[in-house]
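In the numbering used here, the protein residues as written are 463 to 941.
Shown next as structure tokens:
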């Protein structure tokens with residue numbers, strides 16, 4: 463699935479579909495199928511026996527069966543609609559709980575516990591009402607079968623009694639037929655209950671198949687290829703991109719980064735800087751134009767090959783519930799422990815890792831709860847260093863959450879990692895990018911300026927204004 467799919471679907475809803483819905487389907491398949499086949503087999507045997515006893519009475523009994531099927535089907539369709547609603551509310555509750563538990567610090571900070579609890583109660587009560595309606599429909603299914611059983615019994619007694627009076631049928635045969643007819647309705651009762659369970663499974667299936675049938679938005683073409691020899695040239699050629707069709711994030715963006723060149727992209731929040739990094743990794747496809755690596759459009763490259771050669775460090779480093787070592791090498795067995803340690807040393811993460819109780823074998827809590835923000839960022843940088851990307855090392859505000867002392871050490875390490883590689887730096891703090899070869903200034907989705915730090919300050923344009931806003935109390939150094 464592409465990132466766009468996960469943008470559209472909250473985590474809680476996906477978790478509910480992949481756990482609760484799958485569990486419901488597994489229960490129906492493992493238990494319901496065998497019992498349904500048993501009931502059907504029993505039904506066929508009893509119908510054969512009834513036809514042997516008296517085919518006229520058997521046909522009369524079967525005349526009522528279509529009416530029963532219609533009634534049970536109506537109940538089942540009503541139930542399926544309620545089951546759909548039930549699964550939807552379960553997903554909504556799962557998403558709401560995930561959001562609130564993840565953001566519990568913010569919830570408590572703004573005293574939202576009671577208000578959010580009321581919101582949860584509203585969703586929970588809606589789920590309760592849906593479950594009550596399902597229970598009512600379920601409770602009606604057996605009485606419906608019993609009602610038709612009674613009607614059929616009365617019809618058989620009326621017709622069969624007349625036949626007995628006319629001596630066209632023996633009393634023993636009529637009693638035997640009525641007895642077996644009761645056996646006929648037992649599997650029907652079971653099947654009506656199974657039908658209810660099947661409706662629940664169908665509602666879950668619809669939601670699961672909606673995921674399975676989701677089109678693969680970012681897919682490798684049939685003739686996708688690898689890069690024979692990586693040089694590291696990057697080109698954006700007349701790129702237009704929008705997350706939705708009415709709002710362009712990037713507008714006709716064009717630039718070239720030569721192999722080994724270090725380039726910074728700056729601009730206001732929302733200008734499209736991070737979007738460019740997502741497009742370079744092909745998390746999304748551009749609507750117009752194209753992006754090339756070593757003069758090859760990235761659409762023609764295998765995604766695995768592209769991302770193997772692109773190291774991306776996001777501002778919010780994600781830490782898995784695993785050891786430090788596995789968080790750095792991402793369970794890639796081709797990355798040795800020596801490479802992991804070398805990557806950590808390169809970015810300055812090795813000292814704090816060594817101070818941990820079990821060093822590189824220390825278990826990290828969910829989302830790195832037992833690490834500081836700076837330490838998590840260092841581990842994210844160590845990941846990139848260990849994988850040693852051959853094309854480009856992309857830094858997306860990599861040092862935004864690190865204290866000045868750590869940042870000073872880290873900046874030196876970052877430059878060492880970037881040496882000899884095509885590099886893109888996205889930063890808000892303009893004093894951290896003076897060492898790059900070139901700076902691109904992004905505004906309203908377009909490149910408005912380009913040049914070195916000194917050249918852009920001398921122009922007194924967009925970059926100068928950004929720099930002046932950040933360091934208005936300091937001497938800019940340009941007269």
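Even for Gly, the Cβ is constructed at its ideal location relative to N, Cα and C.
Residue nearest to residue 537 in terms of C-alpha spacing, selected from 602, 779, 669, 583
602
Tell me the DSSP secondary structure of residue 773 in three-state form.
strand
What do you get for residue 587, buried or exposed, if any count of 16 or more other CB atoms within 10 angstroms of its CB means buried?
exposed
Bridge partners of residue 699, per DSSP?
752
Taking DSSP as the reference, what is the three-state secondary structure of residue 534?
helix
For residue 551, count neighbouring Cβ atoms within 10 angstroms of its own Cβ and tell me buried if that reaches 16, exposed if not.
buried
Report the start-end ranges of each alpha helix (DSSP H) in the segment 467 to 528 that is 4 residues or longer and not cut off at the edges.
473 to 478, 484 to 489, 495 to 515
Rounded straight-line distance, which links the Cα of residue 554 to that of residue 640
51 Å
Check whether the segment 559 to 574 touches the segment 597 to 617, counting contact only when three or more Cβ pairs, one atom from each stretch, lie closer than 8 Å.
no
Of all the beta strand (DSSP E) runs that stay within the bounds of the segment 647 to 677, which reach a length of 3 or more residues?
none
Going by DSSP in three states, residue 565 sits in which element: helix, strand or coil?
coil
Can you give me the C-alpha to C-alpha distance between residue 633 and residue 482, rounded to a whole angstrom?
54 Å
Since I believe residue 661 is in contact with residue 801 (beta carbons under 8 Å), could you give me their beta-carbon distance rounded to a whole number of angstroms?
At roughly 54 Å, the Cβ-Cβ gap does not stay under 8 Å, so residue 801 and residue 661 are not in contact.
Same chain, Cβ closer than 8 Å to residue 544, neighbours up to 5 away in sequence not counted
592, 595, 596, 599
Which partner residues does residue 904 have in the DSSP bridge list?
729, 909
With a floor of 4 residues, list each alpha helix (DSSP H) that falls wholly inside the segment 771 to 836, ordered by position along the chain.
786 to 791, 799 to 809, 812 to 817
Along the beta strand (DSSP E) that carries residue 583, what are the first and last residues, could you check?
Per DSSP, residue 583 belongs to no beta strand (DSSP E); it is in the alpha helix (DSSP H), 575 to 627.
State buried or exposed for residue 941, treating a residue as buried only when at least 16 other CB atoms are found within 10 Å of its CB.
The predicted position of residue 941 is uncertain, since its pLDDT is 42 and thus under 50; a value taken from the coordinates is nonetheless stated next. Classification of residue 941: exposed, given that the 10 Å Cβ count is below 16.
Go ahead and pull the three-state DSSP assignment for residue 941.
With a pLDDT of 42 at residue 941, under the threshold of 50, the modelled position of this residue cannot be trusted; read the value that follows with caution. DSSP places residue 941 in coil when its eight states are reduced to three.
Sequence-distant residues of the same chain with beta carbon closer than 6 Å to residue 557, five excluded per side
472, 474, 475
Option in 822, 643, 635 with minimal Cα separation from residue 610
643
Does the separation of the CB atoms of residue 923 and residue 733 fall below 8 Å?
no
Using only the alpha-carbon positions, how far apart do residue 847 and residue 771 sit?
12 Å
What are the boundary residues of the alpha helix (DSSP H) that includes residue 712?
Careful: residue 712 lies outside any alpha helix (DSSP H), inside the beta strand (DSSP E) at 709 to 719.
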